[in-house]
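In the working numbering, the protein residues as written are 720 to 964. One structure is given below, encoded as structure tokens.
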Amino acid sequence: MKKQIFESFVLKGLNKSQTVRILAADTYDIVKEAMEEHNLNPIQSVALGQLLTIGTIMGSMMKGSDEKLTLQIKGEKYIKEIVVTANALGDVKGYIISDDSVTEPEVLFSVGSAIGGGRLTVIKDFGLKEPYNSHMELGQGEIAENITAYFANSEQTPTSVGASVRLDSSGKLIHSTGYIVQLMPEASESDVELIETSVKGFKFNGAETPEQIIKSLMDSFEYKITDRVQYSLRCDCSSENSGIF
């Protein structure tokens, strides 16, 4: 039996006309425990923390109890691989592999530089015979930018993804949050313009809660919180135990 360690949560919101949905997460406990379990340095902590945060949110978007999501990044520089697996029931886990022979200073301060290009794979297992697989070459941007591109290219869904993992000067985790906001097929031009303006104007300040993220991004709409899902890290998160829960 896997040991449950800590809990974080995802909030789900929807505007009144049901044309814009938003999900925002607090993943502090999940990321903190992952940092400690894997004894991560700062850039590893931020990279794994960002993908854990996004994976947690995307996992909460799955519907069936037997459905699972896996995000895999294969990097070409310092970070060689990051894998996160999540489901809709509140479970998430992940691991990171790095090449310690790469010591260029720039890779230690930017996740995008530390990954240095490569490939993103998204696997959605709906409990059928074959899982759905999507592959995409990584751009030079950060993880959230590449996941945003995945939604546009592979799911044809206008989406904005954001993730913020902040450490203090000693490497201690301060804050870990993220969001996904999506336009539904029935969204109007006005909906599109309002969300684009909100996303462009939004900046993580390192202290916002999921409630505050949703309020900031949905401030131009009448909206409601529709659900809150608790999430727990599972402690068998390694390359040898990256499959089902």
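The C-beta atom is built at its ideal place from N, Cα and C for all residues, glycine as well. Small disclaimer: the values here were computed from a predicted structure and weren't measured.
(Q) To the nearest angstrom, how far is the alpha carbon of Thr804 from that of Gly783? (A) Rounded to whole angstroms, Thr804 to Gly783 spans 15 Å at the Cα level.
Q) According to DSSP, is Asn872 helix, strand or coil? A) Shown here, Asn872 sits in a helix according to DSSP, grouped into three states.
Q. Counting pairs of beta carbons, one from the segment 871-878 and one from the segment 808-822, are three or more of them closer than 8 Å?
A. Between the segment 871-878 and the segment 808-822, the count of Cβ pairs shorter than 8 Å is below three; the stretches do not touch.
Q: Confirm, please, whether the CB-CB distance from Val750 to Leu742 is below 8 Å.
A: In this structure, Leu742 sits away from Val750, with a CB-CB distance that is not shorter than 8 Å.
Q) Closer than 8 Å, CB to CB, is Lys751 near chain D or not? A) Absent here is chain D; the protein component of the structure consists of one chain.
Q.
Can you find the residues in the same chain that come closer than 7 Å, C-beta to C-beta, to Thr945, ignoring five residues on each side of it along the sequence?
A. Excluding residues within five positions, the ones whose Cβ falls inside 7 Å are Lys731, Gly732, Leu733.
Q) Does DSSP put Lys965 in a helix, a strand or coil? A) In the structure displayed, the chain extends from 720 to 964; residue 965 sits before or after that span and is not available.
Q: Kindly indicate the opening and closing residues of the alpha helix (DSSP H) around Tyr747.
A: Per DSSP, Tyr747 belongs to the alpha helix (DSSP H) from 747-757.
**Q.** Distance between Ser853 and Ile762 (C-alpha atoms, nearest Å)
**A.** Looking at the two C-alpha atoms, the distance is approximately 26 Å.
**Q.** Euclidean distance between Cα positions of Leu827 and Val765
**A.** Their backbone Cα atoms lie some 10 Å apart in a straight line.
Q | Where the beta strand (DSSP E) containing Met777 begins and where it ends | A | Judged by DSSP secondary structure, Met777 falls outside any beta strand (DSSP E) and instead within the alpha helix (DSSP H) spanning 761-779.
(Q) Please give me, in chain order, every unbroken run of the beta strand (DSSP E) with length at least 3 that falls completely inside the segment 800-867. (A) For secondary structure counted as the beta strand (DSSP E) over 3 or more consecutive residues, the segment 800-867 holds these complete runs in sequence order: 810-817, 837-844, 851-856.
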